[in-house]
Amino acid sequence: MVKAAVAVELLGAGLLLVATAASCKPPSCNPSGRRLARPSATPSLGMSATVKSPSASAQTDTPISAASLYAIFYLPNGSNWSFPLSQGDALHSHPDFDADKNATVFFVPGYTVKPTAEGVRLAIKAFTTKHESFNFLLLDWTLYSGRPYVAAAMNMGQVAELLAAWLERLRAGGLAAARMWLVGQSLGAHLAGKAAAAMAVRPARVTGLDPARPLFWFGSPLTRLDRRQATFVDVIHTDGSWRGIGVRANIGHQDFWPNYGAERQPGCHSGFSGAYGEG
Numbered sequence: 001m002v003k004a005a006v007a008v009e010l011l012g013a014g015l016l017l018v019a020t021a022a023s024c025k026p027p028s029c030n031p032s033g034r035r036l037a038r039p040s041a042t043p044s045l046g047m048s049a050t051v052k053s054p055s056a057s058a059q060t061d062t063p064i065s066a067a068s069l070y071a072i073f074y075l076p077n078g079s080n081w082s083f084p085l086s087q088g089d090a091l092h093s094h095p096d097f098d099a100d101k102n103a104t105v106f107f108v109p110g111y112t113v114k115p116t117a118e119g120v121r122l123a124i125k126a127f128t129t130k131h132e133s134f135n136f137l138l139l140d141w142t143l144y145s146g147r148p149y150v151a152a153a154m155n156m157g158q159v160a161e162l163l164a165a166w167l168e169r170l171r172a173g174g175l176a177a178a179r180m181w182l183v184g185q186s187l188g189a190h191l192a193g194k195a196a197a198a199m200a201v202r203p204a205r206v207t208g209l210d211p212a213r214p215l216f217w218f219g220s221p222l223t224r225l226d227r228r229q230a231t232f233v234d235v236i237h238t239d240g241s242w243r244g245i246g247v248r249a250n251i252g253h254q255d256f257w258p259n260y261g262a263e264r265q266p267g268c269h270s271g272f273s274g275a276y277g278e279g
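All residue numbers for the sequence shown refer to the UniProt record's numbering, where the first residue is 1 and numbers rise by one.
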């Protein structure tokens with residue numbers, strides 16, 4: 001299991017549904033009492049998903065546009081429907097989409113992982129089979145989220161603006177911002193936050209699963225996930241040790257540090273080689 005999957009597993013278990021749950025301090029509160037060293041600026045690794053994109057490379061000749069970004073609507077029966085964001089509010093015309101459900105979840109993958117990756121499958125399962133009161137969609141931005149990491153990070157801002165514009169069209173079509181829940185992993189956590197911040201009305205919730213640290217930690221909160229971007233922002237840190245590549249501070253209204261946010265999570269690969277999860 002990749003480390004990102006741990007955060008998704010916790011999400012699916014319902015941990016994040018309890019907004020009043022107690023949070024732990026960052027990894028410096030480890031039982032040994034030793035303050036963990038600052039991690040090095042190593043490129044973020046995470047989940048990225050696509051149905052149509054032939055490869056995961058952020059260096060592409062395809063201009064970033066709503067026509068090259070896809071939303072994938074997953075249904076409890078295992079089927080899915082993919083459409084470009086340029087189709088605007090086409091989602092409202094789908095017979096299985098219900099804007100009055102408790103929440104419509106928009107999952108934003110991170111860096112260079114396929115839709116068959118374990119973490120993506122866990123998220124789909126958690127929201128479509130365990131919680132049928134949710135609509136679940138995934139943003140496919142694979143054309144712009146692949147290697148190299150620096151290029152993917154540079155693409156993120158424009159993708160976030162297009163995602164925000166699409167969410168505004170959905171809101172104009174009848175999906176209330178109070179029922180929008182953005183969930184982003186690694187680089188996708190910052191993308192989700194920036195999209196939420198760009199909306200005219202803040203969405204109900206943004207959840208960050210291991211927000212990426214490289215290139216974001218020393219920047220303005222406007223460039224990364226921040227508690228001011230939604231009515232409620234919660235974060236799960238599962239890669240915040242000294243060797244980790246996740247954010248090592250509380251940045252949400254509620255932050256969770258399973259096993260003190262250690263890089264070695266139970267049942268998961270250790271080190272960078274296990275974090276790609278490209279299967």
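We treat Cβ as the ideally placed atom computed from N, Cα and C, and that holds for glycine.
Predicted model, so just to flag it, every value in this text is computed and none were measured.
Using alpha carbons as the reference points, say which of Gly208, Gly261, Ile245 and Pro214 lies closest to isoleucine 251.
Gly208
State the start and end residues of the unbroken beta strand (DSSP E) segment that holds asparagine 135.
134-140
Taking all protein chains shown into account, decide if aspartate 234 is buried (16 or more other Cβ within 10 angstroms of its Cβ) or exposed.
buried
Buried versus exposed, by CB contacts within 10 Å (16 or more), histidine 94:
The residue in question, histidine 94, is exposed, as its Cβ has fewer than 16 Cβ neighbours within 10 Å.
Tell me the DSSP secondary structure of cysteine 29 in three-state form.
With a pLDDT of 38 at cysteine 29, under the threshold of 50, the modelled position of this residue cannot be trusted, and the question is left open.
Fully enclosed by the region 133-214, which alpha helix (DSSP H) runs are 4 residues long or longer?
142-145, 149-172 and 187-198, all fully within the region 133-214.
For threonine 62, name the three-state secondary structure that DSSP assigns.
coil
Under 8 Å between the Cβ atoms of alanine 164 and arginine 171?
no
Kindly indicate which residue of Asp239, Ala66, His131 and Gly240 has the alpha-carbon position closest to the one of alanine 103.
His131
Tell me whether threonine 129 sits in a helix, a strand or coil according to DSSP, three-state version.
coil
Check whether valine 105 and phenylalanine 136 have beta carbons under 8 Å apart:
By the CB criterion at 8 Å, valine 105 and phenylalanine 136 fall inside the cutoff.
Give me the Cβ distance between histidine 190 and arginine 227, rounded to the nearest whole Å; I'm assuming they're in contact under 8 Å.
13 Å between Cβ atoms; not a contact.
Residues near phenylalanine 216 in its chain [Cβ-Cβ closer than 7 Å; skip 5 each side]:
His190, Thr223 and Arg224
Could you tell me if valine 183 is buried or exposed, where buried requires 16 or more neighbouring beta carbons within 10 angstroms of its beta carbon?
That one is buried.
Assuming contact is defined by CB atoms lying nearer than 8 Å, are glutamine 229 and glycine 193 in contact in what I supplied?
In contact: glutamine 229 and glycine 193 (Cβ atoms closer than 8 Å).
Distance, isoleucine 236 Cα to glycine 119 Cα:
14 Å
Residues that threonine 112 bridges to, as DSSP identifies them
Beta bridge pairing from DSSP links threonine 112 with no other residue.
CA-CA distance, leucine 69 and tryptophan 141?
5 Å
For alanine 67, count neighbouring C-beta atoms within 10 Å of its own C-beta (all shown protein chains included) and say buried if the count is 16 or more, exposed if not.
exposed
With distances taken between CB atoms, is the gap from aspartate 96 to leucine 75 smaller than 8 Å?
Contact: yes.
Could you give the DSSP three-state label for tyrosine 260: helix, strand or coil?
helix
Spatial neighbours of alanine 195 in its chain, beta-carbon cut-off 7 Å, leaving aside the 5 residues before and after
Ala160, Leu163, Ala164, Leu167 and Leu182
According to DSSP, residues forming a beta bridge with isoleucine 245:
None; isoleucine 245 has no bridge partner.
Taking 8 Å as the limit between beta carbons, can you name the residues of its chain near methionine 199, skipping five residues before and five after?
Within the same chain, methionine 199 has close Cβ partners Ala164, Leu167, Glu168, Arg171 and Ala177.
Let me check one thing: in DSSP terms, what residues is aspartate 239 bridge-paired to?
DSSP lists no bridge partner for aspartate 239.
If you compare alpha carbons, which of Ile64, Asp100 and Asn77 is closest to leucine 85?
Ile64
Contact under 8 Å by Cβ, lysine 101 with serine 133
For the 8 Å CB-CB criterion, lysine 101 and serine 133 form a contact.
List the whole-angstrom C-beta distance separating proline 203 from isoleucine 245, where the pair is believed to meet the contact cut-off of C-beta under 8 Å.
Not confirmed; about 26 Å, so no contact.
Distance, Cα to Cα, alanine 152 vs glycine 146?
6 Å
I'd like to know whether the C-beta atoms of leucine 143 and threonine 62 end up nearer to each other than 8 Å.
Contact: yes.
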